[in-house]
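Line by line, the protein sequences are chains V and A. Residue 1 is where the first sequence starts when you use the numbering used here, and the numbers rise one by one after that. Residue 96 is where the second sequence starts when you use the numbering used here, and the numbers rise one by one after that. The C-beta atom is built at its ideal place from N, Cα and C for all residues, glycine as well. Worksheet for the structure shown next.
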Amino acid sequence: MSGMDEFAQKLKSIADQSKLRESAVVFERSRSFIDSNWEKLLKQCPNCWVAVYKEQVLATDKDLQNLVRIIRKSGVRLEHVAVELLTSEKKPILL
Amino acid sequence: MKRNPSSSRLFSDSQKFEIRGFYRQGYPGGPWRPFVRVAVALPRFSVVRQVDMLVDSGADITTLQPQDSLLLLEEPQFSQLGEQHTVQGIGGLTTFFQEEAAIGLFLPNKRTCWVPIVIDIAEPSTPSGIPSTLGNDIMQFGVTSLDAVHRTVKIELWLPHSLVTKS
Chain V
1 MSGMDEFAQK
11 LKSIADQSKL
21 RESAVVFERS
31 RSFIDSNWEK
41 LLKQCPNCWV
51 AVYKEQVLAT
61 DKDLQNLVRI
71 IRKSGVRLEH
81 VAVELLTSEK
91 KPILL
Chain A
96 MKRNPSSSRL
106 FSDSQKFEIR
116 GFYRQGYPGG
126 PWRPFVRVAV
136 ALPRFSVVRQ
146 VDMLVDSGAD
156 ITTLQPQDSL
166 LLLEEPQFSQ
176 LGEQHTVQGI
186 GGLTTFFQEE
196 AAIGLFLPNK
206 RTCWVPIVID
216 IAEPSTPSGI
226 PSTLGNDIMQ
236 FGVTSLDAVH
246 RTVKIELWLP
256 HSLVTKS
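Printed below as a string of structure tokens:
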């Protein structure tokens, strides 16, 4: 078996175990909730990180690493969660 | 999958894959930015997740920012990542860790096309809120079309060694 075949098998195994394509549907719901409720969420917790699972706010925190610890403790599958920084700072980005 | 009509030697024996992206505002009333939704797999850690990546045609590399990497890796695993190095950006130097990865493009019929790359994972302790970015290490394989008027994004890649999985 070539290295490329082994790599492909490893990727398939990872994708299958995580149910990647099924997760896509849930992740889309979580992400869409943030996009649709951005201003409301921003008013509730300005300059916070927010974690959303489906249509539910799992947690908000000013510190991203704290937020991720809360998500992990919640038991929700991480692939389903969308995370975003709710910022009122209207700063353009230049990468 | 179609053959690229280009006569380029690079593309002569490649398969074409196409994904569509979208535009999203950075904040309400803010500028619209082009994104694609891809899967990022880190085989050494047996993890994968979806990531919305800002299409950054000026970047040499694809990056993973803390809001995404912290959901892929547990904090102690960051010390197991590959070589640490600094990358020059407009805002200055940033510390990244290099790691073998694959970028998954979602295709119809539950297929995923994987592009092996070395991804740069930002040091996680000081997240800036900047999105993860898709750079020229991916876009070099094809044509990226950004239509800001209709807010559509299309990336066509001609890959010489395609890795397609179905699940």
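Taking CB distances under 8 Å as the criterion, tell me whether residue i reaches chain V.
{"i": "Arg119 of chain A", "result": "yes"}
{"i": "Lys111 of chain A", "result": "no"}
{"i": "Pro219 of chain A", "result": "yes"}
{"i": "Gly237 of chain A", "result": "no"}
{"i": "Leu258 of chain A", "result": "yes"}
{"i": "Phe130 of chain A", "result": "no"}
{"i": "Met234 of chain A", "result": "no"}
{"i": "Trp253 of chain A", "result": "no"}
{"i": "Ala136 of chain A", "result": "yes"}
{"i": "Pro161 of chain A", "result": "yes"}
{"i": "Arg144 of chain A", "result": "yes"}
{"i": "Leu241 of chain A", "result": "no"}
{"i": "Ala196 of chain A", "result": "no"}
{"i": "Thr207 of chain A", "result": "yes"}
{"i": "Phe173 of chain A", "result": "no"}
{"i": "Ser227 of chain A", "result": "no"}
Counting only beta-carbon separations shorter than 8 Å, does residue i have a partner in chain A?
{"i": "Ala59 of chain V", "result": "no"}
{"i": "Arg29 of chain V", "result": "no"}
{"i": "Val76 of chain V", "result": "no"}
{"i": "Ser36 of chain V", "result": "no"}
{"i": "Ser18 of chain V", "result": "yes"}
{"i": "Val52 of chain V", "result": "no"}
{"i": "Phe33 of chain V", "result": "no"}
{"i": "Val83 of chain V", "result": "yes"}
{"i": "Ile70 of chain V", "result": "no"}
Indicate the three-state DSSP secondary structure (helix, strand or coil) for residue i in the structure shown.
{"i": "Pro222 of chain A", "result": "coil"}
{"i": "Asp5 of chain V", "result": "helix"}
{"i": "His256 of chain A", "result": "coil"}
{"i": "Gln179 of chain A", "result": "strand"}
{"i": "Pro129 of chain A", "result": "strand"}
{"i": "Gln120 of chain A", "result": "strand"}
{"i": "Phe236 of chain A", "result": "coil"}
{"i": "Val244 of chain A", "result": "coil"}
{"i": "Leu105 of chain A", "result": "In this predicted model, Leu105 of chain A has a pLDDT of only 44, less than 50, meaning its place in the structure is not dependable; the value taken from the coordinates is given anyway. Coil, per DSSP."}
{"i": "Lys12 of chain V", "result": "helix"}
{"i": "Glu170 of chain A", "result": "helix"}
{"i": "Lys43 of chain V", "result": "helix"}
{"i": "Arg77 of chain V", "result": "coil"}
What are the start and end residues of the beta strand (DSSP E) that includes residue i?
{"i": "Arg206 of chain A", "result": "206-217"}
{"i": "Glu84 of chain V", "result": "81-86"}
{"i": "Gln145 of chain A", "result": "142-150"}
{"i": "Ala51 of chain V", "result": "48-53"}
{"i": "Phe191 of chain A", "result": "187-201"}
{"i": "Ala154 of chain A", "result": "That residue, Ala154 of chain A, is in no beta strand (DSSP E); it is neither H nor E in DSSP."}
{"i": "Glu264 of chain A", "result": "No answer is possible for residue 264 of chain A: it lies beyond the span of chain A, which begins at 96 and ends at 262."}
{"i": "Leu58 of chain V", "result": "56-61"}
Between the beta-carbon of residue i and the beta-carbon of residue j, is there less than 8 Å?
{"i": "Lys12 of chain V", "j": "Ser240 of chain A", "result": "no"}
{"i": "Val50 of chain V", "j": "Glu84 of chain V", "result": "yes"}
{"i": "Arg119 of chain A", "j": "Trp127 of chain A", "result": "yes"}
{"i": "His80 of chain V", "j": "Ser30 of chain V", "result": "yes"}
{"i": "Leu188 of chain A", "j": "Leu167 of chain A", "result": "no"}
{"i": "Ala134 of chain A", "j": "Gly199 of chain A", "result": "yes"}
{"i": "Pro226 of chain A", "j": "Met148 of chain A", "result": "yes"}
{"i": "Ile70 of chain V", "j": "Leu78 of chain V", "result": "no"}
{"i": "Phe201 of chain A", "j": "Ala24 of chain V", "result": "yes"}
{"i": "Gln65 of chain V", "j": "Leu254 of chain A", "result": "no"}
{"i": "Ile250 of chain A", "j": "Val131 of chain A", "result": "yes"}
{"i": "Ala15 of chain V", "j": "Thr260 of chain A", "result": "yes"}
{"i": "Val150 of chain A", "j": "Pro129 of chain A", "result": "yes"}
For residue i, report the span of its alpha helix (DSSP H) as first-last.
{"i": "Leu295 of chain A", "result": "As shown, chain A starts at 96 and ends at 262. That puts residue 295 of chain A outside it, with no answer to give."}
{"i": "Ile71 of chain V", "result": "64-74"}
{"i": "Phe27 of chain V", "result": "20-36"}
Inter-stretch contact (C-beta, 8 Å, three-pair minimum) for the segment 229-240 of chain A and the segment 171-182 of chain A: No, they do not touch.
Any 3 or more C-beta pairs closer than 8 Å across the segment 157-165 of chain A and the segment 207-221 of chain A: Contact between the segment 157-165 of chain A and the segment 207-221 of chain A is present, because at least three Cβ pairs lie under 8 Å.
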